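For reference, the structure is listed below as structure tokens.
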Ligand SMILES: Nc1nc2c(c(=O)[nH]1)N[C@@H](CN(C=O)c1ccc(C(=O)N[C@@H](CCC(=O)O)C(=O)O)cc1)CN2
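Residue numbers (the numbering used here): 13 to 293.
Below is the structure:
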């Protein structure tokens with residue numbers, strides 16, 4: 013039987029409608045939620061993502077400021093901009109699009125963002141709060157994945173969850189959110205031996221490696237939920253994930269497409285985090 017699709021565009025519509033209501037209520041009280049989006053350099057994928065973030069703000073009643081800088085911007089200049097945004101009362105959320113050019117220390121930049129405006133949830137203090145079960149901001153992609161599981165009423169408690177990829181922005185916070193929802197979690201990485209032996213035990217499989225076709229149908233437990241966080245291009249330049257979608261959908265119970273799956277949910281949860289930041293002020 014073919015898997016059911018978890019449509020990130022459709023789910024986003026419902027969540028964004030609620031965001032728009034909350035934004036309108038805040039605006040009526042003179043506190044329109046504001047997001048600053050900072051992009052350094054000309055990475056083509058990043059340009060698409062930041063454009064989509066700004067458009068999502070516009071469409072849902074949030075104020076946004078797009079700051080674009082050349083790839084040779086110095087780290088000191090970027091830190092000075094963040095300092096100014098930290099102090100700007102119209103800005104409730106700040107995000108610096110990753111990756112940054114190699115001469116800039118991304119950790120230093122993230123730590124410069126005021127934790128209460130860190131709507132990406134990447135600051136060490138937000139990572140610590142998440143780890144200890146008192147999240148201020150959940151990182152947007154893993155937060156979106158949890159909403160997708162909720163949307164299909166999946167019983168996460170007691171499930172075997174396998175996360176492939178251990179990045180700070182997806183894999184590690186994803187594992188933490190699944191663990192806190194009661195799953196038994198395995199985190200795999202690029203060095204994991206016999207990856208399929210782990211993935212085949214997963215009731216929930218989240219793949220976030222950036223390697224096209226890393227997960228094939230034979231590596232998936234029949235009926236599992238397969239969440240593909242990958243964002244790659246195939247030989248024809250078409251967007252695709254880390255999972256062999258066409259064959260895996262014949263094995264899985266639920267599967268997310270690329271595009272139209274986790275990607276839009278990442279932007280939706282950024283809006284949610286920005287609203288929450290504004291509501292706290
Ligand atoms: N500061 C951050 N940087 C990065 C993050 C992040 O959460 N914060 N995550 C990724 C990229 N990302 C968000 O910025 C992101 C990736 C993909 C999408 C998306 O909507 N994808 C669409 C397809 C878009 C296209 O046409 O190329 C889809 O899947 O349907 C949104 C956000 C790394 N950096």
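Heads up, the beta-carbon is just placed ideally off N, CA and C, and yes, glycines get one too. This structure is a prediction, so every number in the text was calculated from the model and none was measured.
- Query: Can you tell me whether DSSP reads residue 196 as helix, strand or coil?
  - Reply: Residue 196 falls in the strand class under three-state DSSP.
- Query: If you measure from the CB of residue 269, is any heavy atom of ligand 1 nearer than 6 Å?
  - Reply: No heavy atom of ligand 1 is found nearer than 6 Å to the CB of residue 269.
- Assign residue 75 to one of three DSSP states: helix, strand, or coil. If DSSP states are grouped into helix, strand and coil, residue 75 belongs with the strands.
- Item | Three-state secondary structure assigned by DSSP to residue 37 | Under the three-state reduction of DSSP, residue 37 is assigned to helix.
- Task: Excluding the 5 residues preceding and the 5 following residue 101 in the sequence, name in chain order all residues of the same chain whose CB lies nearer than 7 Å to its CB.
- Result: So no residue of the chain qualifies.
- Distance, Cα to Cα, residue 87 vs residue 51? Taking the straight line from one Cα to the other gives about 13 Å.
- Task: Output yes or no for whether 7 Å exceeds the beta carbon distance between residue 65 and residue 279.
- Result: Judged by beta-carbon spacing, residue 279 lies within the 7 Å limit of residue 65, meaning their Cβ atoms are closer than that value.
- Under the three-state reduction of DSSP, which class applies to residue 140: helix, strand or coil? Three-state result, residue 140: helix.
- Closest residue to residue 251 among 60, 214, 26 (Cα-Cα distance): Nearest to residue 251 by alpha-carbon distance, out of 60, 214, 26, is 60.
- Task: Identify which residue in 55, 31, 56, 53 has its Cα closest to the Cα of residue 44.
- Result: If you compare the alpha carbons of 55, 31, 56, 53 with that of residue 44, the shortest gap goes to 31.
- Message: Just to confirm my understanding: we take residue 285, look at its own chain, exclude 5 residues before and 5 after, and list those with CB closer than 6 Å. What are they?
- Response: Contacts found: 131, 149.
- Query: Counting Cβ pairs closer than 8 Å, one from the region 236 to 254 and one from the region 206 to 225, do we hit at least three?
  - Reply: Below 8 Å, enough C-beta pairs join the region 236 to 254 and the region 206 to 225 to call them touching: three or more.
- Message: Using a Cβ-Cβ cutoff of less than 6 Å, which residues in the same chain neighbour residue 27 once the five nearest sequence positions on both sides are dropped?
- Response: Same-chain partners within the cutoff: 280.
- Item | residue 119 burial status per 10 Å Cβ neighbour count (16 or more: buried) | Exposed, since its Cβ has fewer than 16 Cβ neighbours within 10 Å.
- Item | the region 224 to 234 / the region 185 to 196 touching (three or more Cβ pairs under 8 Å) | No, the region 224 to 234 does not touch the region 185 to 196.
- Say the cut is 6 Å; is the CB of residue 279 nearer than that to a heavy atom of ligand 1? Yes, the beta carbon of residue 279 sits closer than 6 Å to at least one heavy atom of ligand 1.
- List the endpoints of the continuous beta strand (DSSP E) containing residue 172. From DSSP, the beta strand (DSSP E) with residue 172 extends over 172 to 176.
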